[in-house]
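In the numbering used here, the protein residues as written are 3 to 153.
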């Protein structure tokens, strides 16, 4: 008698779990709950023919279980319908677009204010250069003639 390798056993467990989920969906059932209101892992594992520890050791199986519980639901909660999931994504996208539009408007206002400030500073710079040139010309004239003159 040959032993089954861990990889083969994992594939078998995965297939059994997939079959269990298909059966739940085809019969219109939902995942069972334990006395604490959580998914009854023991019942699911026994129905699949493996130990409940598989869900704790195999992270992909646990993730698949979580995804299926969200999709199908439990005995007390409804699963997400594809339209509901799309509506949630659309709402989140819309909110994100609105936030980005507000951020863009604020950034455009800042750019406009900075452009106006640049124009004012360029005018002031030009005025100061002219004043400096006038002062230099006045100093040159004063040194040359001994008289002071201002424009």
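All C-beta atoms, glycine included, are put in the ideal place defined by N, C-alpha and C.
For clarity, every value in this text was computed on a predicted model and none was experimentally measured.
Is residue i buried or exposed, if buried means 16 or more other CB atoms sit within 10 Å of its CB?
i: residue 108; result: exposed
i: residue 15; result: buried
i: residue 43; result: buried
i: residue 3; result: Unreliable placement is indicated for residue 3, whose pLDDT of 49 sits below 50; the coordinate value is still reported in the next sentence. Exposed.
i: residue 138; result: exposed
i: residue 94; result: exposed
i: residue 99; result: exposed
Thinking just about the alpha-carbon of each residue, which of the options is nearest to the one in residue i?
i: residue 45; options: 34, 136, 94 and 131; result: 34
i: residue 67; options: 118, 5, 148 and 22; result: 22
i: residue 74; options: 13, 131 and 26; result: 26
i: residue 8; options: 37, 92, 111 and 60; result: 60
Our contact map puts residue i next to residue j with C-beta atoms below 8 Å; I'd like the distance itself, whole angstroms only.
i: residue 52; j: residue 18; result: 7 Å
i: residue 77; j: residue 32; result: 5 Å
i: residue 56; j: residue 63; result: 6 Å
In terms of residue numbering, what span does the alpha helix (DSSP H) encompassing residue i cover?
i: residue 45; result: 43–50
i: residue 68; result: 61–74
i: residue 26; result: 8–29
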